[in-house]
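Trainee: Below you'll find the structure I mean.
Numbering (the UniProt record's numbering), first residue to last: 1 to 166.
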(Lines of atoms letter the chains of each structure in order from A and count residues from 1; the text may use other names and numbers.)
(Lines give C-alpha, C1' and ligand atoms only; values in the text may rest on other atoms or scores of the structure.)
Protein backbone atom coordinates (compact mmCIF):
# COMPACT_ATOMS: atom_id res chain seq x y z
CA UNK A 1 0.00 0.00 0.00
CA UNK A 2 2.93 2.20 0.69
CA UNK A 3 3.90 1.85 -2.95
CA UNK A 4 0.48 2.96 -4.07
CA UNK A 5 0.56 6.03 -1.83
CA UNK A 6 4.06 6.86 -3.00
CA UNK A 7 2.93 6.63 -6.62
CA UNK A 8 0.04 8.97 -5.91
CA UNK A 9 2.34 11.38 -4.07
CA UNK A 10 4.82 11.43 -6.91
CA UNK A 11 1.99 11.95 -9.37
CA UNK A 12 0.82 14.91 -7.32
CA UNK A 13 4.27 16.53 -7.62
CA UNK A 14 4.18 16.64 -11.38
CA UNK A 15 3.39 20.10 -12.65
CA UNK A 16 0.13 20.47 -14.53
CA UNK A 17 0.35 20.45 -18.32
CA UNK A 18 0.83 23.87 -19.89
CA UNK A 19 -2.40 25.67 -20.57
CA UNK A 20 -3.46 25.67 -24.15
CA UNK A 21 -3.13 29.16 -25.57
CA UNK A 22 -6.35 31.03 -26.04
CA UNK A 23 -7.32 31.46 -29.67
CA UNK A 24 -6.10 34.73 -31.14
CA UNK A 25 -8.79 37.31 -30.81
CA UNK A 26 -9.92 39.04 -33.94
CA UNK A 27 -9.06 42.69 -34.00
CA UNK A 28 -11.75 44.66 -32.29
CA UNK A 29 -14.03 46.74 -34.43
CA UNK A 30 -12.21 49.90 -35.44
CA UNK A 31 -13.82 53.20 -36.21
CA UNK A 32 -15.44 53.06 -39.63
CA UNK A 33 -13.47 54.77 -42.35
CA UNK A 34 -15.52 57.63 -43.68
CA UNK A 35 -15.20 58.57 -47.31
CA UNK A 36 -13.95 62.03 -48.20
CA UNK A 37 -16.74 64.57 -48.55
CA UNK A 38 -17.80 65.11 -52.13
CA UNK A 39 -16.54 68.24 -53.88
CA UNK A 40 -18.97 71.15 -53.91
CA UNK A 41 -21.64 71.19 -56.56
CA UNK A 42 -20.44 73.06 -59.60
CA UNK A 43 -23.74 74.90 -59.86
CA UNK A 44 -23.40 77.14 -56.80
CA UNK A 45 -20.80 79.86 -57.30
CA UNK A 46 -20.69 80.59 -53.56
CA UNK A 47 -19.07 77.18 -52.98
CA UNK A 48 -16.46 77.41 -55.73
CA UNK A 49 -12.87 77.96 -54.62
CA UNK A 50 -11.64 81.53 -54.78
CA UNK A 51 -9.43 82.46 -57.69
CA UNK A 52 -5.83 82.56 -56.41
CA UNK A 53 -4.45 86.05 -55.90
CA UNK A 54 -4.53 89.12 -53.71
CA UNK A 55 -5.87 92.63 -54.10
CA UNK A 56 -3.54 95.60 -54.40
CA UNK A 57 -4.50 99.27 -54.37
CA UNK A 58 -2.79 102.27 -55.94
CA UNK A 59 -3.87 105.91 -56.17
CA UNK A 60 -2.68 108.37 -58.82
CA UNK A 61 -3.61 111.81 -60.09
CA UNK A 62 -6.28 110.39 -62.43
CA UNK A 63 -7.99 108.27 -59.76
CA UNK A 64 -7.20 104.89 -58.25
CA UNK A 65 -6.98 101.23 -59.21
CA UNK A 66 -7.51 97.99 -57.35
CA UNK A 67 -6.00 94.96 -59.06
CA UNK A 68 -6.66 91.34 -58.25
CA UNK A 69 -4.02 88.76 -59.10
CA UNK A 70 -3.22 90.31 -62.47
CA UNK A 71 -6.52 89.02 -63.91
CA UNK A 72 -9.07 91.64 -62.86
CA UNK A 73 -9.07 95.31 -61.91
CA UNK A 74 -11.35 98.19 -61.01
CA UNK A 75 -10.15 101.66 -61.99
CA UNK A 76 -11.62 105.00 -60.98
CA UNK A 77 -11.47 107.80 -63.52
CA UNK A 78 -12.04 110.96 -61.45
CA UNK A 79 -12.61 113.19 -64.47
CA UNK A 80 -15.49 111.13 -65.86
CA UNK A 81 -16.60 109.71 -62.47
CA UNK A 82 -16.62 106.18 -63.88
CA UNK A 83 -15.30 102.88 -62.57
CA UNK A 84 -13.94 100.56 -65.23
CA UNK A 85 -13.94 96.81 -64.66
CA UNK A 86 -11.18 95.13 -66.68
CA UNK A 87 -10.82 91.39 -67.17
CA UNK A 88 -7.36 90.44 -68.44
CA UNK A 89 -7.63 88.30 -71.55
CA UNK A 90 -5.64 85.12 -72.06
CA UNK A 91 -6.01 85.38 -75.82
CA UNK A 92 -6.01 88.24 -78.30
CA UNK A 93 -9.50 89.58 -78.84
CA UNK A 94 -10.69 91.30 -81.97
CA UNK A 95 -14.25 91.75 -80.76
CA UNK A 96 -15.79 92.60 -77.41
CA UNK A 97 -17.60 90.00 -75.34
CA UNK A 98 -20.13 90.31 -72.56
CA UNK A 99 -18.95 90.34 -68.95
CA UNK A 100 -21.20 88.72 -66.36
CA UNK A 101 -21.01 90.08 -62.82
CA UNK A 102 -22.69 88.06 -60.06
CA UNK A 103 -22.85 89.15 -56.43
CA UNK A 104 -24.76 87.83 -53.44
CA UNK A 105 -27.66 90.21 -54.16
CA UNK A 106 -27.34 91.29 -57.81
CA UNK A 107 -26.26 90.09 -61.21
CA UNK A 108 -25.84 91.83 -64.50
CA UNK A 109 -24.34 91.32 -67.93
CA UNK A 110 -22.19 94.22 -69.10
CA UNK A 111 -21.13 95.18 -72.60
CA UNK A 112 -17.36 95.43 -72.93
CA UNK A 113 -14.86 97.09 -75.20
CA UNK A 114 -11.54 95.63 -76.24
CA UNK A 115 -8.79 97.27 -74.19
CA UNK A 116 -5.02 96.96 -74.43
CA UNK A 117 -4.94 94.54 -71.51
CA UNK A 118 -8.24 92.69 -71.95
CA UNK A 119 -11.94 93.50 -71.91
CA UNK A 120 -13.29 96.56 -70.13
CA UNK A 121 -16.72 97.72 -69.00
CA UNK A 122 -17.23 101.25 -67.63
CA UNK A 123 -19.93 102.04 -65.07
CA UNK A 124 -21.01 105.34 -63.51
CA UNK A 125 -19.47 105.64 -60.05
CA UNK A 126 -22.93 105.59 -58.44
CA UNK A 127 -24.07 102.41 -60.21
CA UNK A 128 -25.68 100.05 -57.64
CA UNK A 129 -23.77 97.10 -59.11
CA UNK A 130 -20.55 98.56 -57.69
CA UNK A 131 -22.11 98.64 -54.22
CA UNK A 132 -23.29 95.06 -54.71
CA UNK A 133 -19.71 94.04 -55.55
CA UNK A 134 -18.30 95.89 -52.56
CA UNK A 135 -20.81 94.40 -50.13
CA UNK A 136 -21.19 90.93 -51.63
CA UNK A 137 -20.94 88.17 -49.02
CA UNK A 138 -17.31 87.17 -49.30
CA UNK A 139 -16.96 87.06 -53.07
CA UNK A 140 -18.34 87.96 -56.45
CA UNK A 141 -18.06 86.40 -59.90
CA UNK A 142 -16.62 87.82 -63.12
CA UNK A 143 -17.48 85.67 -66.14
CA UNK A 144 -16.37 86.35 -69.72
CA UNK A 145 -16.92 83.83 -72.51
CA UNK A 146 -13.70 82.14 -73.55
CA UNK A 147 -12.00 82.96 -70.23
CA UNK A 148 -11.84 81.16 -66.92
CA UNK A 149 -14.55 82.35 -64.52
CA UNK A 150 -13.13 84.41 -61.66
CA UNK A 151 -14.34 83.99 -58.07
CA UNK A 152 -12.98 87.19 -56.56
CA UNK A 153 -12.97 88.00 -52.84
CA UNK A 154 -14.88 91.12 -51.92
CA UNK A 155 -12.20 92.93 -49.96
CA UNK A 156 -11.90 96.59 -48.96
CA UNK A 157 -9.98 97.55 -52.10
CA UNK A 158 -13.21 97.31 -54.10
CA UNK A 159 -14.98 99.73 -51.77
CA UNK A 160 -12.00 102.06 -51.71
CA UNK A 161 -11.91 102.52 -55.49
CA UNK A 162 -15.68 103.04 -55.67
CA UNK A 163 -15.58 105.61 -52.85
CA UNK A 164 -12.62 107.39 -54.46
CA UNK A 165 -14.78 108.01 -57.52
CA UNK A 166 -17.81 109.38 -55.71
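Note that CB positions come from ideal geometry on N, CA and C, so glycine has one too.
(1) Could you check whether residue 83 and residue 205 sit closer than 9 angstroms to each other, using their CB atoms as the reference points?
(2) Given this structure, state the Cα-to-Cα distance separating residue 150 from residue 51, to the nearest angstrom.
(3) State the Cα-Cα distance for the pair residue 212 and residue 111, rounded to the nearest angstrom.
(4) Taking three-plus beta-carbon pairs below 8 angstroms as touching, is the region 129 to 144 in contact with the region 89 to 109?
(5) Residue 128 lies in the alpha helix (DSSP H); which residues open and close that run?
(6) So, using beta-carbon positions, are residue 156 and residue 118 closer together than 9 angstroms?
(7) From the DSSP secondary-structure annotation, give me the bridge partner or partners of residue 122.
(8) Closest to residue 145 by CA distance: which of 56, 77, 96 and 81 is it?
(9) Am I right that residue 161 and residue 74 are in contact with their C-beta atoms under 8 angstroms? What's the rounded C-beta distance?
(10) Specify, as a first and last residue, the run of the alpha helix (DSSP H) that residue 46 falls within.
Mentor: From the atom records:
(1) Missing from the structure shown is residue 205; the chain here goes from 1 to 166 and no further.
(2) Numbered from its first residue, the chain shown carries residue 150 at position 150. Numbered from its first residue, the chain shown carries residue 51 at position 51. Residue 150 and residue 51: Cα-Cα distance of roughly 6 angstroms.
(3) Outside the displayed range of the chain (1 to 166) lies residue 212, so it cannot be described from this structure.
(4) yes
(5) Within the chain shown, numbered from 1, the residue matching residue 128 stands at position 128. 128 to 134 is the span of the alpha helix (DSSP H), which, as asked, contains residue 128.
(6) For this step, residue 156 is matched to residue 156 along the chain shown. For this step, residue 118 is matched to residue 118 along the chain shown. With contacts defined by Cβ atoms closer than 9 angstroms, residue 156 and residue 118 do not form a contacting pair.
(7) Against the chain shown, residue 122 aligns to sequence position 122. Beta-bridge pairing links residue 122 to 84.
(8) Position 145 of the chain shown, counting from 1, holds the residue named residue 145. Minimum Cα distance to residue 145 is reached at 96.
(9) Locating residue 161 in the chain shown gives position 161, where the first residue counts as 1. Locating residue 74 in the chain shown gives position 74, where the first residue counts as 1. Indeed, because the Cβ distance is near 5 angstroms, the residues count as touching under 8 angstroms.
(10) On the chain shown, position 46 is the one that residue 46 refers to. Neither: residue 46 is in no alpha helix (DSSP H) and is coded neither H nor E.
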